[in-house]
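Numbering-wise, the sequence shown is residues 832 to 1365 according to this note's numbering.
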Amino acid sequence: MSDTIRKNKKINQDKDFYKVIEGFANTDHLPFNELAEMFSQETTRIINKLIDPDAEIEFEIDHEKKEIKIYNKNAEVIEDLSENETLTTADEIYQIELTKAKKILRNKSLKVGDYVKIPINLIALKETSEDKDVLKVILQALTQGRRQLKKKHIYEIYSRRIGDSVTALFNSKNKDGSWNVEFADKTSAYLPSMFISKLRNIKVGEWHQVVIEKVIEDTKLSQVQVSLDSTNIIKKELIDSIPEINEGLIEIVNIVRKPGIKTKVAIRKTELAPAELDAYGSVIGIDGIRVKTISKKNFGEKIDIVEWNDDLKIFIANALTPGKVADVVPSKEKNNAYYAVVSNEDGNISKAIGQKGDNAVLASQLTKALIDVISIEKAQELKLEFNINAFETKEMAKSNVKVSRENKVKTKPRTSKSQSIFDNLNFTMDSFDSDIEAFELEEKERFENQRFDDFDFEELYKHHLDNKKEETQVDEVQETEVKKENKAKNNENSLKEYKEAKKLVKDFKVDNDLINFGNNLDLDLSEFDDEEWD
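Next comes the structure, spelled out in structure tokens:
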């Protein structure tokens, strides 16, 4: 091959490599110089392995000319060959004849055995069959190096943004209900089905706000995992809308969620909170308006506010709201396992377990304990030692706030009792106007629409305040009278409820798989290898 042809090919190589790296930089949103450095390192690695172990390849960038010149910084000067001898294309990568070296490098003092920096032509490797495979391996290595560099940058950028909200394009839905999504910068992400409410109706091509949940440093699949309906979303809404949490007076201890069904939030007062602050009342707001507003934003998903307690037994009883727990008994057979003994009055067992076991599963996740909900009869059958009135004088679970998916509202006449509820609420003055405004808007909707749902806040607060020491004797007498009036009706229904509860308990058991469902964000994505996502 003539020197003129070699020179022309060398010029083409310089411009072609610049164009390739420039294209990758624009497509992958990667720094040009980092890509060039990666190309240099990968080329050196392959040439060291296949041609010369001492070669050191360097890519020199000229942005003005839009060229990348490729050199071997460690080529050996050899004696001039005879007319019948020539260097192969591969040889020219790490060797140069003495006369040629003096001419190209303009250094007459060079001698055989010196090591010098010489320009090389990688593209010329494709001209010979024996060297063609070398070029192929180099290009494969460059492609792999590009992928690794892209992964590194995705991890560096998005690992610092865990918990942030970003806009994502919903590209495709997988068979298991998960989604492949893409950010504005073309970074792909994975949305597990467990982080999407079943109440949503998402279509391909739509853009939605998602929350970055997890970023994996190295994986064959999408590095970024996002959620559309996660605990982080509820937590952020609670912090943003409830001043007592925002100001550090109330702490969110734990949140667990089954999107579209229910969220349980464990709260407690901090050392900054005044002694008279009612954590539960502050979080749910006047007539439940604060939690109700968040619930509406999440398609009417139920939100249970649960007061955290150092005593795990009390905490478990609180977590099983709206079910009323008689006692909590540790299991002798399993570590961190407890029996929640529940009476069958007023459908308590059904309430404690929840539809499809959701309430009990979430309670187990919230308390990080294995909970087995059983009836009083079952506890007696197991010969458990329990106190049927264990929690009568202790702080009990707070009632949940429910919002129907149809956003219907149940009206109820104002009474002196509701006024006492108002007097016992604790809230900061800077949130008073916004709370009242939301409350008045809700009242307007009630009277304009005359629609009903399962909101009975007075009953919820009655349950909350029943455990306060300032409960009056008149209230106790009224409660006794109500119990007398309802006794006959309860007796009629008790047998039916017992049978239903017994069947429900028999069919239900919270195991470790249920407890761990959705509670651990460190998911092993290897099981999704067969999914066809970008």
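Think of the CB as a built atom: it goes at the ideal place given N, C-alpha and C, for glycine as much as any other residue.
Inter-residue Cα distance where the pair is residue i and residue j
{"i": "L866", "j": "G994", "result": "30 Å"}
{"i": "I882", "j": "D922", "result": "8 Å"}
{"i": "L1143", "j": "V1172", "result": "15 Å"}
{"i": "E907", "j": "K967", "result": "25 Å"}
{"i": "I909", "j": "K931", "result": "10 Å"}
{"i": "W1010", "j": "T1050", "result": "17 Å"}
{"i": "N1166", "j": "K1123", "result": "37 Å"}
{"i": "N1055", "j": "G1079", "result": "The question names Asn, yet the displayed sequence has Val at residue 1055. Those two C-alpha atoms are separated by around 31 Å."}
{"i": "M1227", "j": "K1066", "result": "Confidence at M1227 is low in this model, with a pLDDT of 42, below 50, so its placement is unreliable and the value that follows should be read with caution. Taking the straight line from one Cα to the other gives about 23 Å."}
{"i": "H1039", "j": "T998", "result": "6 Å"}
{"i": "N1218", "j": "V1046", "result": "48 Å"}
{"i": "V1084", "j": "E1138", "result": "9 Å"}
{"i": "N1175", "j": "K1017", "result": "55 Å"}
{"i": "V851", "j": "L912", "result": "36 Å"}
{"i": "D1118", "j": "V1012", "result": "39 Å"}
Option nearest residue i by Cα separation, candidates the options
{"i": "K846", "options": "K900, E1164, I1070", "result": "K900"}
{"i": "S871", "options": "K897, D859, T858, R977", "result": "R977"}
{"i": "S996", "options": "I1027, E961, L973, N1063", "result": "N1063"}
{"i": "Y853", "options": "E987, I1207, E898", "result": "The sequence given here places Glu at residue 853; Tyr does not occur at that position. The residue with the shortest Cα to Cα distance from E853 is E898."}
{"i": "R887", "options": "V947, K1209, S940", "result": "One point to set straight first is that residue 887 is Glu, not Arg, in the sequence displayed. Out of V947, K1209, S940, V947 has the C-alpha closest to the C-alpha of E887."}
{"i": "Y849", "options": "K896, N879, I1205", "result": "K896"}
{"i": "A1015", "options": "E1068, Y1021, L1000", "result": "L1000"}
{"i": "E958", "options": "S913, T919, S1195, W1038", "result": "T919"}
{"i": "K1127", "options": "L1103, E1068, E1102", "result": "E1068"}
{"i": "K1209", "options": "R876, N1011, Y1170", "result": "Y1170"}
{"i": "A972", "options": "D893, K880, L936", "result": "K880"}
{"i": "M869", "options": "A1194, I877, L980", "result": "L980"}
{"i": "V1192", "options": "F855, T1101, I1086", "result": "I1086"}
Where the alpha helix (DSSP H) through residue i begins and ends
{"i": "N1002", "result": "No alpha helix (DSSP H) holds N1002; the beta strand (DSSP E) holding it covers 996 to 1004."}
{"i": "R1088", "result": "Segment 1081 to 1089 is the beta strand (DSSP E) holding R1088; no alpha helix (DSSP H) there."}
{"i": "F1222", "result": "Here F1222 belongs to no alpha helix (DSSP H), and DSSP marks it neither H nor E."}
{"i": "H984", "result": "960 to 989"}
{"i": "A1107", "result": "A small correction: the amino acid at residue 1107 is Glu; Ala does not occupy that position in the sequence shown. Careful: E1107 lies outside any alpha helix (DSSP H) and carries neither H nor E."}
{"i": "E873", "result": "863 to 881"}
Cβ pair residue i, residue j closer than 8 Å
{"i": "A1200", "j": "I1147", "result": "yes"}
{"i": "L1197", "j": "K1029", "result": "no"}
{"i": "S1058", "j": "E1044", "result": "yes"}
{"i": "V1041", "j": "K1004", "result": "no"}
{"i": "N903", "j": "I949", "result": "yes"}
{"i": "S1053", "j": "Y1021", "result": "yes"}
{"i": "D1121", "j": "I1081", "result": "The displayed chain sequence assigns Arg, not Asp, to residue 1121. Against a cut-off of 8 Å, the Cβ pair of I1081 and R1121 comes out as no contact."}
{"i": "V1160", "j": "E1107", "result": "no"}
{"i": "K1093", "j": "D1189", "result": "yes"}
{"i": "I878", "j": "I935", "result": "no"}
{"i": "L1213", "j": "A1183", "result": "no"}
{"i": "I1145", "j": "I1115", "result": "no"}
Bounding residues of the beta strand (DSSP E) (the contiguous stretch that carries residue i)
{"i": "D1135", "result": "1133 to 1138"}
{"i": "L1103", "result": "Where L1103 is concerned, there is no enclosing beta strand (DSSP E), given that its DSSP letter is neither H nor E."}
Counted within 10 angstroms of its Cβ, other Cβ atoms place residue i as buried (16 or more) or exposed
{"i": "V1234", "result": "Any reading at V1234 must be qualified, since the residue scores a pLDDT of 40, below 50, and its modelled position is unreliable; the value itself is stated next. Answer is buried; the Cβ neighbour count reaches 16."}
{"i": "P1090", "result": "buried"}
{"i": "N843", "result": "exposed"}
{"i": "E1132", "result": "buried"}
{"i": "T974", "result": "exposed"}
{"i": "Q1281", "result": "Low local confidence applies: a pLDDT of 40 at Q1281 is under 50, so the model's placement there is unreliable, with the coordinate-based value given in what follows. The residue is exposed, with fewer than 16 neighbouring Cβ atoms inside 10 Å."}
{"i": "E914", "result": "exposed"}
{"i": "D1060", "result": "buried"}
Check: residue i C-beta below 7 Å from any heavy atom of the ligand GTP
{"i": "I1115", "result": "As for the ligand GTP, it is missing from this structure, which has no ligand bound."}
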